Amino acid sequence: MTESLHTLDRRSVWHPFTPHSVYADEHPLMVVAAEGHWLIDADGTRYLDGVASLWCNLFGHRRPEIDRAITEQLGRFAHATFLGNASAPAVTLAARLMEIAPKGLSRAFFSDNGSTAVEVAMKMAFQFWQQTGNPADAKRTRFVTIGNAYHGDTVGAVSLGGMDLFHGIYGPLLFQTIRAPSPYCYRCPLGLERSSCGIACLEQAEALIAEHADEIAAVVVEPGVQGAAGMITQPEGYLRRLRDAAMNAGALFIADEVAVGFGRSGALFACEQAGVTPDFLCLAKGLTGGYLPMAVTLTTERIFEGFLGKPEEGRTFFHGHTYTGNALAAAAAHATLDILPGVMETLPATIAHFAERAERLCALPHVGDVRRFGLALGVELVADVGTREPFLAASRMGMRVCTDCKRRNVFLRPLGDTVVVMPPLTITTEEIDILFDALEASIREIDG
Ligand SMILES: Cc1ncc(COP(=O)(O)O)c(C=O)c1O
């Protein structure tokens, strides 16, 4: 059974973010079942899901409340179009999201994934300025973005991103943004030492925003941490100062909490933690507890009203996906919001233990940097800790360590040579220990 599935996979499938020349050698899982925080392979082996199925699984697999909500919704209907039409589960979900979102957000625009959530915010911000009726506003066509940012893989989201490794080749397809340096203190883009890098990068962002004030449609940022860049954390006060700079420039502020929304930061939203209400809050991944693809872009009444007018005036937001407002996904999201408050209560203790185990990694050979934000961790592996010299790309050291973790029944996925640990929020103390024991052992294997 296992072999034939792997044969089918190799013959028929093209996997995302996967170099197929080495795919089979890196022992991919063939998941046939899952239980709680564990994935079960076709041969029956169990693996701890240390990346929460790419950062979206909040409470484990086969969570009875979510299973039940979807099944019950199936008994009513699965999907009805949301274009010029409404359906109950998504409408009530929108109202519920407003109760927990940062104050001031009042409108929900649904889509399918993180990339579309950002794409929607970007297009709304652009169109908003084109139809205020003020000729000076129409010049606000540009976006301020942060180096190393990742906002998804659609062409608009890629334009806002700054990960040349993934997206450099698409350069000619993209629109230009005003790009501020990423606060990647371990390899500071300004060449500064760690103690001064983060704030210096922030000051440079503030200066760029002030310099281009009249042409900026919006400033776009991942609050708290640049996840896909390898968990690059931000200095204290970063989000608030960036938001203030956007406000002073009269520009809009887009917060992409696709990765960190719904508890990952330790708060429901990283914006809330920072006391910031953005003009757009992009959410996806955890919205359905990791069950179904659904995203939402939350925005304010000010933005919504900018799109009002007679149909023939053409102020409508002409954007929509077939499965927008999907009823099954909305049912899963409702169940997620039911479970979340209880989990938020146990989360501080989970994060404390996770942080303590993460800290211990610093002492290991080849661990250059350990970056943590709430229950998200990046462990940057380097050939030489003293000189910060990276491993040769061909060694695929991040993947090597993760493949070794798999031998120890822990599933992790690296970003280059940064091993990412992003477990479900409900991971237990014992499971945290299993995960870090495996990771420690695999890192020690590097020279073995
Ligand atoms: C901050 C951020 N924005 C957007 C995305 C894209 O989300 P999706 O893969 O659902 O399109 C991701 C995915 O990791 C992300 O981390």
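Each residue of the sequence shown is one higher than the last, beginning at 3 in the working numbering. The C-beta atom is built at its ideal place from N, Cα and C for all residues, glycine as well. Keep in mind it's a predicted model, so treat the numbers as computed, not measured.
Give a single yes or no on whether C273 has its beta carbon closer than 8 Å to a heavy atom of ligand 1.
For this step, residue 273 is matched to residue 271 along the sequence shown. No; taking the cut-off as 8 Å, the Cβ of C273 has no heavy atom of ligand 1 nearer than that.
Is R117 near ligand 1, with its Cβ less than 8 Å from a heavy atom?
Stepping through the sequence shown from its first residue, residue 117 is reached at position 115. Per the sequence presented here, residue 117 reads as Ser, with Arg not at that position. Taking non-hydrogen atoms of ligand 1 into account, the C-beta of S117 is found less than 8 Å away from one of them.
Could you give the first and the last residue of the continuous alpha helix (DSSP H) run that contains A215?
Mapped onto the sequence shown, residue 215 falls at position 213. Note, A215: premise wrong, no alpha helix (DSSP H); not H, not E.
Is G380 near ligand 1 - that is, is its Cβ less than 8 Å away from at least one heavy atom of it?
Mapped onto the sequence shown, residue 380 falls at position 378. It does not: the Cβ of G380 is nowhere closer than 8 Å to a heavy atom of ligand 1.
With hydrogens ignored, establish whether the beta-carbon of V260 is closer than 8 Å to any heavy atom of ligand 1.
Position 258 of the sequence shown holds residue 260. Placement of the Cβ of V260 at a distance of less than 8 Å from at least one heavy atom of ligand 1 is found.
Same chain only: Cβ atoms within 6 Å of M399, ignoring 5 sequence neighbours per side:
Translated into positions along the sequence shown, residue 399 becomes position 397. Cβ neighbours of M399 within its own chain (closer than 6 Å, five residues either side excluded): L383, F393, D419.
Taking 8 Å as the cut-off, does the CB of D406 come closer than this to any heavy atom belonging to ligand 1?
Within the sequence shown, numbered from 1, the residue matching residue 406 stands at position 404. A distance criterion of 8 Å places the beta-carbon of D406 beyond contact range of ligand 1, judged by its closest non-hydrogen atom.
Distance cut-off 8 Å: E224 Cβ against heavy atoms of ligand 1
For this step, residue 224 is matched to residue 222 along the sequence shown. Under cutoff, so the answer is yes.
For K125, which residues of its own chain have a beta-carbon under 8 Å away from its beta-carbon, when the five flanking residues on both sides are left out?
Locating residue 125 in the sequence shown gives position 123, counting from the first residue. Cβ neighbours of K125 beyond the five flanking positions: G158, F319, H321.
Span separating the alpha-carbon of A337 from that of H368:
The residue you call residue 337 lines up with position 335 of the sequence shown. The residue you call residue 368 lines up with position 366 of the sequence shown. Between A337 and H368, the alpha-carbon positions lie close to 42 Å from each other.
Who are H63's beta bridge partners in DSSP?
Residue numbering aside, residue 63 sits at position 61 when the sequence shown is read from its first letter. DSSP lists G38 as partners of H63.
State yes or no: is the C-beta of H153 nearer than 8 Å to some heavy atom of ligand 1?
For the purposes of this step, residue 153 is taken as residue 151 along the sequence shown, with counting starting at 1. Correct: H153 has its Cβ closer than 8 Å to ligand 1.
Determine, using beta carbons only, whether T326 and F84 come nearer to each other than 9 Å.
Working through the sequence shown from its first residue, we reach residue 326 at position 324. Working through the sequence shown from its first residue, we reach residue 84 at position 82. Yes, they are a contact pair.
Once the 5 residues before and after G308 are set aside, which same chain residues still bring their CB inside 7 Å of it?
Your numbering for residue 308 matches position 306 in the sequence shown. Once the five neighbours on either side are set aside, the close Cβ partners of G308 are F130, Q133, T134.
Is it the case that the Cβ atoms of I68 and A334 are separated by a distance below 9 Å?
Within the sequence shown, the letter at position 66 stands for residue 68. Within the sequence shown, the letter at position 332 stands for residue 334. At a Cβ-Cβ threshold of 9 Å, I68 and A334 count as neighbours.
Residues that DSSP places opposite L300 in a beta bridge
Within the sequence shown, the letter at position 298 stands for residue 300. DSSP output for L300 lists A110, L283 as bridge partner(s).
Are there three or more Cβ pairs, one per stretch, closer than 8 Å when the stretch 247 to 261 is compared with the stretch 409 to 423?
The answer is no - the stretch 409 to 423 does not touch the stretch 247 to 261, with fewer than three Cβ pairs under 8 Å.
Using 9 Å as the threshold, is the C-beta distance between V381 and I429 below it?
Sequence index remark: in the sequence shown, residue 381 carries index 379 (1-based). Sequence index remark: in the sequence shown, residue 429 carries index 427 (1-based). Contact: no.
Grouping DSSP H, G and I as helix and E and B as strand, with all else coil, what is Q228?
Within the sequence shown, residue 228 is the residue found at index 226, counting from 1. Note: Q228 maps to strand in three-state DSSP.
Taking the DSSP output, what are the residues bridged to T420?
As a position in the sequence shown, residue 420 is number 418, starting the count at 1. Paired residue(s): E382, L417.
Beta carbon of A35: closer than 8 Å to some heavy atom of ligand 1?
Taking the first residue of the sequence shown as position 1, residue 35 is located at position 33. No; taking the cut-off as 8 Å, the Cβ of A35 has no heavy atom of ligand 1 nearer than that.
Do G170 and N150 count as a contact pair if the criterion is CB distance below 9 Å?
In the sequence shown, the residue the question calls residue 150 occupies position 148. In the sequence shown, the residue the question calls residue 170 occupies position 168. For N150 and G170, no; Cβs fall outside 9 Å.
Is any heavy atom of ligand 1 found at a distance shorter than 8 Å from the C-beta of G376?
On the sequence shown, residue 376 is found 374 positions in, with the first residue counted as 1. Distances from the CB of G376 to the heavy atoms of ligand 1 are all 8 Å or more.
For the beta strand (DSSP E) that V372 lies in, which residues bound it at each end?
In the sequence shown, residue 372 corresponds to position 370, counting from 1. Taken as a continuous stretch (DSSP letters only), the beta strand (DSSP E) holding V372 covers 369 to 375.
Please list, in chain order, all residues of the same chain as L99 whose beta carbon is under 7 Å from its beta carbon, the five residues on each side excluded.
The count along the sequence shown starts at 1 and reaches residue 99 at position 97. Contacts found: A110, V298, L300.
If we ignore side chains and look at the alpha-carbon of each, how far apart do R245 and V278 end up?
Taking the first residue of the sequence shown as position 1, residue 245 is located at position 243. Taking the first residue of the sequence shown as position 1, residue 278 is located at position 276. Taking the CA atoms as reference points, R245 sits about 7 Å from V278.
For a quick check, are the C-beta atoms of P2 and I148 less than 9 Å apart?
Past the boundaries of the shown model lies residue 2; the chain is included only from 3 to 450, so the question cannot be answered.
Return yes when the Cβ of A26 is within less than 9 Å of the Cβ of V227, no when it is not.
The residue you call residue 227 lines up with position 225 of the sequence shown. The residue you call residue 26 lines up with position 24 of the sequence shown. At a Cβ-Cβ threshold of 9 Å, V227 and A26 do not count as neighbours.
Below 8 Å, can you find three or more Cβ-Cβ pairs linking the stretch 57 to 74 to the stretch 351 to 359?
By the Cβ criterion, the stretch 57 to 74 is not in contact with the stretch 351 to 359, since fewer than three pairs of Cβ atoms, one from each stretch, lie closer than 8 Å.
Exposure of A209, with buried meaning 16 or more beta-carbon neighbours within 10 Å
In the sequence shown, counting from the first residue as 1, residue 209 sits at position 207. Exposed is the call here.
At what residue ranges does the stretch 117 to 170 contain a whole run of the beta strand (DSSP E), taking only runs of 3 or more?
Complete beta strand (DSSP E) runs here, min 3: 144 to 148.
Using alpha carbons as the reference points, say which of S117, G193, V423, D406 lies closest to G450.
The residue given as residue 450 occupies position 448 in the sequence shown. Among S117, G193, V423, D406, the Cα nearest to that of G450 belongs to D406.
Starting from R243, follow the alpha helix (DSSP H) in both directions and report where the run begins and ends.
Within the sequence shown, numbered from 1, the residue matching residue 243 stands at position 241. Where R243 is concerned, the enclosing alpha helix (DSSP H) stretches over 240 to 250.
Residue range of the unbroken alpha helix (DSSP H) whose run includes L339
One-based indexing of the sequence shown puts residue 339 at position 337. Counting along the chain, L339 sits inside the alpha helix (DSSP H) bounded by residues 329 to 362.
Any chance the CB of C203 is under 8 Å from a heavy atom of ligand 1?
Numbered from its first residue, the sequence shown carries residue 203 at position 201. Checking the Cβ of C203 against ligand 1 gives no.
For L254, the residue or residues it bridges with in DSSP:
Taking the first residue of the sequence shown as position 1, residue 254 is located at position 252. According to DSSP, which records beta bridges pairwise, L254 is partnered with A220.
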